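Novice: If you scroll down you'll find the structure; I have some questions about it.
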Amino acid sequence: MTLFWRIFSLNAAVLVVATVGLLLGPVTVSTPVVLTEAIVLITGLAAMLIANAFLLRVGLSPLDRLTRTMTTVDLLRPGTRLPVSGRAGIAALIRAFNAMLNRLEAERAASAARALSAQEAERRRVAQELHDEIGQTLTAVLLDIKRVADQAPAPVADQLRQVQETTRNSLDEIRRIARRLRPGVLEELGLSSALRALATEFSTAGLAVKRQLGTDLPELSADVELVLYRVAQESLTNVARHSGAHTATLILRRDGDDGVELRIRDDGSGMGSAAEGAGIRGMRERALLIGAILTFAAAPGGGTDVSLRVASGDRGR
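Residue 220 in UniProt numbering sits at position 220 of the sequence shown, and the numbers go up by one each step.
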């Protein structure tokens, strides 16, 4: 039975019951209407309206749940599904909605994988050009400045050495940017060494990054290691830029038999009610690629606790 006929049947049932009650009951309508008759009719009308409202509320309650879910569903937080309830058309509508969510989540994961793969490839290309082209050019400039400074008079030599120092700082900054774009240490030495280097990089004035890296970690695929590294990098970037924290803790440990967990805690101001930015959305998309669970919570004593858990069945994706 379609939704239209269900609503029609409910209304018809109420009207039939009311009509039968009037036909078989002792109630009559006089001209003019007697007060007692008016009271009986108004009471009957109110009873019909209440019964009709109750039956419609019961019959359409699955649609209310569907509406609430549609307004709150987020593809970056997958798994939201409605239990199939109701009859005929309503149950079919809920099943269609759940199937649509399955399809959208699969398409979102596939498109995110392609986009992030292209992003990583572009990062590698830019990092390579920074290292090979600009890095080598600045190195040659440093050598030329040193040769000229060695032959120049003392006042000019001092100025040239200042220029040399500025150029060297610029070269170091370019190399730092290239390392962030393409973590070569991750490919060469593994995840623990890359996270150790990342913590050292963020341990700047005003922020101390503590490390707790497990020694019994299971074997991880290259994709999982890259996601773990990027989530740690983005989390520490958010801590350094927005939290006002003095201390952050980077934790990587075994979770269960073959799973791993990455946690980044800080003692800053926390997320509060601020909307999630592009960085956090990017972290959620990366977590979806390997089937990991990413959560944000308030850290004990203030600050933010970011957790990324990779189950054993997802490590090889």
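Where is the CB? At the ideal position from N, CA and C, for every residue including glycine.
Please read all numbers here as calculations on a predicted model, not as lab measurements.
When the Cα atoms are used, what is the spatial distance from A297 to V16?
Specialist: Here residue 297 refers to the residue found at position 297 of the sequence shown. Here residue 16 refers to the residue found at position 16 of the sequence shown. When rounded, the distance between both Cα atoms is 57 Å.
Novice: Just checking, does the stretch 182–201 make contact with the stretch 228–240 on the three C-beta pairs under 8 Å criterion?
Specialist: Because the criterion of three Cβ pairs below 8 Å is met, the stretch 182–201 and the stretch 228–240 touch.
Novice: In three-state DSSP terms, what is R211?
Specialist: One-based indexing of the sequence shown puts residue 211 at position 211. Note: R211 maps to strand in three-state DSSP.
Novice: Are the CB atoms of S117 and L138 within a distance shorter than 8 Å?
Specialist: Counted from its first residue, the sequence shown places residue 138 at position 138. Counted from its first residue, the sequence shown places residue 117 at position 117. Contact: no.
Novice: Given residue 358, which residues of its chain have a CB within under 6 Å of its CB, disregarding the five upstream and five downstream residues?
Specialist: The structure shown does not extend to residue 358, since the chain spans only 1 to 317, so no value can be given for it.
Novice: Which of the three DSSP states is assigned to S307 in this structure?
Specialist: Counted from its first residue, the sequence shown places residue 307 at position 307. Of the three classes helix, strand and coil, the one that applies to S307 here is strand, per DSSP.
Novice: Here's the rule: buried if 16 or more other CB atoms are within 10 angstroms of the residue's CB, otherwise exposed. What is Q162?
Specialist: Within the sequence shown, the letter at position 162 stands for residue 162. Exposed, since its Cβ has fewer than 16 Cβ neighbours within 10 Å.
Novice: Check E261 in the structure and name its three-state DSSP category.
Specialist: Stepping through the sequence shown from its first residue, residue 261 is reached at position 261. If DSSP states are grouped into helix, strand and coil, E261 belongs with the strands.
Novice: Taking just the CA atoms, how far does S9 sit from E225?
Specialist: Taking the sequence shown and counting its residues from 1, the one referred to as residue 225 is at position 225. Taking the sequence shown and counting its residues from 1, the one referred to as residue 9 is at position 9. Computed Cα separation, rounded: 60 Å.
Novice: Out of curiosity, what's the CA-to-CA distance linking Q151 and R263?
Specialist: As a working note, residue 151 is residue 151 in the sequence shown. As a working note, residue 263 is residue 263 in the sequence shown. Q151 and R263: Cα-Cα distance of roughly 55 Å.
Novice: For the alpha helix (DSSP H) that I290 lies in, which residues bound it at each end?
Specialist: Looking up residue 290 in the sequence shown gives position 290. I290 -> no alpha helix (DSSP H), and no H or E assigned at all.
Novice: R81 by DSSP, collapsed to three states: which one?
Specialist: Counted from its first residue, the sequence shown places residue 81 at position 81. DSSP places R81 in coil when its eight states are reduced to three.
Novice: Nearest CA to the CA of A115: which residue from R309, G282, I293 and V310?
Specialist: By one-based count along the sequence shown, residue 115 stands at place 115. Per the Cα distances, G282.
Novice: Using the Cβ count rule (16 or more neighbours within 10 Å means buried), how would you classify P32?
Specialist: Here residue 32 refers to the residue found at position 32 when the sequence shown is read from its first residue. Label assigned to P32: exposed.
Novice: Could you tell me how far apart the beta carbons of H242 and A178 are, in whole angstroms, since I believe they sit closer than 8 Å?
Specialist: In the sequence shown, residue 242 corresponds to position 242, counting from 1. In the sequence shown, residue 178 corresponds to position 178, counting from 1. Not a contact, Cβ separation roughly 25 Å.
Novice: For the candidate residues L142, L160 and R77, whose alpha-carbon lies nearest to that of R168?
Specialist: Reading the sequence shown from its first residue, position 168 is the one you call residue 168. Comparing Cα-Cα distances from R168 to each of L142, L160 and R77, the minimum goes to L142.
Novice: Quick check on R254: does DSSP put it in helix, strand or coil?
Specialist: Walking along the sequence shown from the start, residue 254 turns up at place 254. Strand, per DSSP.
Novice: DSSP state of residue 323, grouped into three classes?
Specialist: Outside the displayed span of the chain (1 to 317) sits residue 323, for which this structure offers no information.
Novice: Pull up the distance between the alpha-carbon of A91 and that of I7, whole angstroms please.
Specialist: Taking the first residue of the sequence shown as 1, we reach residue 91 at position 91. Taking the first residue of the sequence shown as 1, we reach residue 7 at position 7. Rounded to the nearest angstrom, the two C-alpha atoms are 15 Å apart.
Novice: For a minimum of 3 consecutive residues, which ranges assigned as the beta strand (DSSP E) are wholly contained in the stretch 147–221?
Specialist: Counting whole runs of 3 or more residues, the stretch 147–221 contains the beta strand (DSSP E) stretches 208–213.
Novice: Can the beta-carbon of L228 be found closer than 8 Å to that of L308?
Specialist: In the sequence shown, counting from the first residue as 1, residue 228 sits at position 228. In the sequence shown, counting from the first residue as 1, residue 308 sits at position 308. Their beta carbons are under 8 Å apart, which means L228 touches L308 by this criterion.
Novice: Can you list the beta strand (DSSP E) stretches of 3 or more residues lying completely in the stretch 38–117, in chain order?
Specialist: DSSP runs (the beta strand (DSSP E)) wholly in the stretch 38–117: none.
Novice: Exposed or buried, what is T304 when buried is set at 16 or more other beta-carbons lying within 10 Å of its beta-carbon?
Specialist: Translated into the one-based positions of the sequence shown, residue 304 becomes position 304. That one is buried.
Novice: Would you report the Cα separation of G184 and P153, rounded to the nearest angstrom?
Specialist: Taking the first residue of the sequence shown as 1, we reach residue 184 at position 184. Taking the first residue of the sequence shown as 1, we reach residue 153 at position 153. So the alpha carbons of these two residues sit roughly 42 Å apart.
Novice: Where DSSP assigns a beta bridge to T19, which residues make up the other side?
Specialist: The residue you call residue 19 lines up with position 19 of the sequence shown. Answer is none; T19 lacks a bridge partner.
Novice: Could you tell me whether the Cβ atoms of L250 and V209 are closer together than 8 Å?
Specialist: Walking along the sequence shown from the start, residue 250 turns up at place 250. Walking along the sequence shown from the start, residue 209 turns up at place 209. Contact: yes.
Novice: From A149 to A157, what distance separates their C-alpha atoms?
Specialist: What you label residue 149 is simply residue 149 of the sequence shown in a count that begins at 1. What you label residue 157 is simply residue 157 of the sequence shown in a count that begins at 1. Roughly 5 Å between the two C-alpha positions.
Novice: Pull up the distance between the alpha-carbon of V40 and that of A53, whole angstroms please.
Specialist: The residue labelled residue 40 in the question sits at position 40 within the sequence shown. The residue labelled residue 53 in the question sits at position 53 within the sequence shown. So the alpha carbons of these two residues sit roughly 20 Å apart.
Novice: Would you decide whether Q119 is buried or exposed? Buried here means 16 or more other CB atoms lie within 10 Å of its CB.
Specialist: Position 119 of the sequence shown holds residue 119. Q119 is exposed by the Cβ-count criterion.
Novice: On a Cα-Cα basis, can you pick out the residue from L181, E173, P218 and R182 that is closest to S192?
Specialist: Translated into positions along the sequence shown, residue 192 becomes position 192. Among L181, E173, P218 and R182, the Cα nearest to that of S192 belongs to P218.
Novice: How should L35 be labelled, buried or exposed, when 16 other C-beta atoms within 10 angstroms of its C-beta is the threshold for buried?
Specialist: Start at 1 with the first residue of the sequence shown, and residue 35 comes out as number 35. So L35 ends up on the exposed side.
Novice: With a threshold of 7 Å on Cβ separation, who are the neighbours of I134 within its own chain once the five nearest residues in sequence on each side are excluded?
Specialist: Sequence index remark: in the sequence shown, residue 134 carries index 134 (1-based). So the list reads I174, once near-sequence residues are dropped.
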